[in-house]
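Asks:
Protein chains in written order, with the working numbering: chain A, 238 to 358; chain B, 781 to 886.
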């Protein structure tokens, strides 16, 4: 079955960097667009970034543009999120999610359990 | 594109029918999805293309609307349906979610 497992979360000081990973199984990773979505404590879901199946198209939310970079390694079935210049308002549970349609942008069909990032001095 | 959900929360009893609305700041045709989220769990995808139920979602969930106004209706509310529900637009980047509607037990 489809599985997405996030890792890399933890406590980091403001201004520092952190890298998240999402390792997947149970589907053809190289055929699907992938996304990162976060939820800050007590807040709703916020879309962070997305990347096309072949890595050719990447997009970002306004609050992270210029600080976060999404990437993927289709040979390793892994999605990444490199986060720089972290701020306290980046504190959140970070989820990776798989699109529902192969080769085209679509809804977020499957989600991981999330990895928690806490930005604090 | 901004999405405004209402109400932000509601209380209902098992067996009730509830409707959540989602209004887009500009027309998005039918590029809308709905998700269910429970504390400590991964969000669960329910509906795509505004009204198409995903294959494993219970039939008591239904979606409607197009353009700027959308709705999610849950008929015959069950104990496992108490959760927070979010709409998401897929028309253009950046993708956006509505603020969420928390469905609580009365």
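C-beta: ideal position from N, C-alpha, C; glycine also. Computed from a prediction, not measured in an experiment: that's the story for all the values here.
1. Mind checking which residues open and close the beta strand (DSSP E) that includes residue 864 of chain B?
2. Between residue 856 of chain B and residue 356 of chain A, what straight-line distance do the alpha-carbon atoms span, to the nearest angstrom?
3. Once the 5 residues before and after residue 792 of chain B are set aside, which same chain residues still bring their CB inside 7 Å of it?
4. Taking Cβ positions only, does residue 852 of chain B come closer than 9 Å to chain A?
5. Could you check what DSSP says for residue 266 of chain A in three-state terms: helix, strand or coil?
6. What is the rounded straight-line gap between the Cα of residue 288 of chain A and the Cα of residue 251 of chain A?
7. Report yes if the CB atom of residue 273 of chain A is closer than 9 Å to the CB atom of residue 813 of chain B, and no otherwise.
8. Can you name the residues of chain B whose CB is closer than 9 Å to the CB of residue 299 of chain A?
9. To the nearest angstrom, how far is the alpha carbon of residue 824 of chain B from that of residue 834 of chain B?
10. Look at the Cβ atom of residue 256 of chain A, then the Cβ atom of residue 245 of chain A, and state whether they are nearer than 9 Å.
11. Is residue 325 of chain A helix, strand or coil when you go by DSSP?
12. Mapping DSSP to helix, strand and coil, what is residue 291 of chain A?
13. Residue 852 of chain B and residue 865 of chain B look like a contact to me (Cβ under 8 Å); what is the Cβ gap, rounded to whole Å?
14. Can you tell me which of the three DSSP states residue 861 of chain B falls into?
15. Mapping DSSP to helix, strand and coil, what is residue 876 of chain B?
Replies: In this structure, then:
1. 864–869
2. Separation of residue 856 of chain B and residue 356 of chain A (C-alpha to C-alpha, rounded to the nearest whole angstrom) is 42 Å.
3. 798, 857, 883, 886
4. No, no contact with chain A.
5. helix
6. 26 Å
7. Cβ atoms of residue 273 of chain A and residue 813 of chain B: not closer than 9 Å.
8. 874
9. 10 Å
10. Yes, the Cβ-Cβ distance between residue 256 of chain A and residue 245 of chain A is below 9 Å.
11. helix
12. Note: residue 291 of chain A maps to coil in three-state DSSP.
13. Contact between residue 852 of chain B and residue 865 of chain B holds, with the beta-carbon distance rounding to 6 Å and staying under 8 Å.
14. helix
15. strand
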